[in-house]
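Q: For the sequence shown, the positions run -16 to 187 when my numbering is used.
In this text, a Cβ means the ideal position worked out from N, Cα and C, and glycines have one as well.
From a predicted model like this one, the values you see are computed outputs, not experimental measurements.
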Amino acid sequence: MRADKRRIQTAVLGGAGSEEPLMLPMEAIELDAFRHVHESDTFWCGTLLGGCGGRLTTKFYTDRACHFAHHPDPDGLPHVCGRTARGVNSADHLYVKSAAAAWLADRGEQATFTYARPEDGPLGSVVDVRWQHGALRVHLDQAVVPVWDDAVEPVLGTMVPWVIVVGTCTSWSADLAPALSCSSGRHLDQLDAIERDGAGRRAE
Ligand SMILES: [Zn+2]
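1. Measuring only between beta-carbons, confirm whether Arg(-11) sits less than 9 Å from chain C.
2. Tell me whether Arg66 counts as near ligand 3, meaning its Cβ is closer than 8 Å to at least one heavy atom of that ligand.
3. In whole angstroms, give me the CA-to-CA distance for Val121 and Gly33.
4. Helix, strand or coil: how does DSSP classify Leu139 here?
5. Alpha carbon to alpha carbon, how far is Ala(-6) from Gly37?
6. According to DSSP, is Phe43 helix, strand or coil?
7. When the Cα of Asp124 is compared with those of Val135, Trp114, Val110, which residue comes out closest?
8. Starting from the C-beta of His50, find all residues in its chain whose C-beta is less than 7 Å away, skip the five residues before and the five after it, and write them out in chain order.
9. Cβ of Ala83 within 9 Å of Cβ of Leu119?
10. Rounding to the nearest angstrom, what Cα-Cα distance links Tyr78 and Leu(-4) in this structure?
Next up, the structure:
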């Protein structure tokens, strides 16, 4: 089933400012089960997803991907929303936050999180994680170039190509990649797996 980039595949649960992400299954057969599980939940075009904060409903299709949609405006006109990131990856920063919070909590650490926007990158392009004994910057998008010689250790999401790493490391040889590492940078899959809800997709 092919996704349409204009269609909304992610939302947050319970309110516009929620940090609890949700991905809508694209297949009709899975949407039935999803609706059943979330019978008493509400879905929102979350502000932390770059959304308008409006409430969303689910659209069922058998001939194309199921997706979220805004409720029509009270005047009956189609709702206008400026949200640019709508695909299955668009809530990954919230999944990273929840996975990293659980990962650190297991180690007795309490972390703070910010969805910083260095270099005016899109919301969610990096997640900064700080706790008493460390700090990580998780890169989920190539819009923001990792900085390697910093107190904050970069972690690359698997959707960030190594080629941007090559560009920032003088000792890197592209031929030897990925056997060589010129810094302590790690790929995200070396952290505990980031699981999306529902279909249990891994971030990739
Ligand atoms: Zn919206």
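A: So, from the data block:
1. Here chain C cannot be found, since the structure has a single protein chain.
2. Annotation note on ligand 3: not contained in the displayed structure, which lists ligand 1 as its ligands.
3. Within the sequence shown, the letter at position 138 stands for residue 121. Within the sequence shown, the letter at position 50 stands for residue 33. Distance between the alpha carbons of Val121 and Gly33 is about 18 Å.
4. As a working note, residue 139 is residue 156 in the sequence shown. Strand at Leu139.
5. In the sequence shown, counting from the first residue as 1, residue -6 sits at position 11. In the sequence shown, counting from the first residue as 1, residue 37 sits at position 54. Cα to Cα, Ala(-6) sits roughly 10 Å from Gly37.
6. Residue 43 sits at position 60 when you count from the first residue of the sequence shown. Reduced to three states, the DSSP call for Phe43 is coil.
7. Position 141 of the sequence shown, counted from the start, is the residue given in the question as residue 124. Cα-wise, what sits closest to Asp124 is Val110.
8. The residue you call residue 50 lines up with position 67 of the sequence shown. Arg(-10), Ile(-9), Gln(-8), Leu7, Lys42, listed in sequence order.
9. Within the sequence shown, residue 83 is the residue found at index 100, counting from 1. Within the sequence shown, residue 119 is the residue found at index 136, counting from 1. Going by C-beta atoms, Ala83 is nearer than 9 Å to Leu119.
10. Position 95 of the sequence shown, counting from 1, holds the residue named residue 78. Position 13 of the sequence shown, counting from 1, holds the residue named residue -4. Going from the Cα of Tyr78 to the Cα of Leu(-4) covers about 13 Å.
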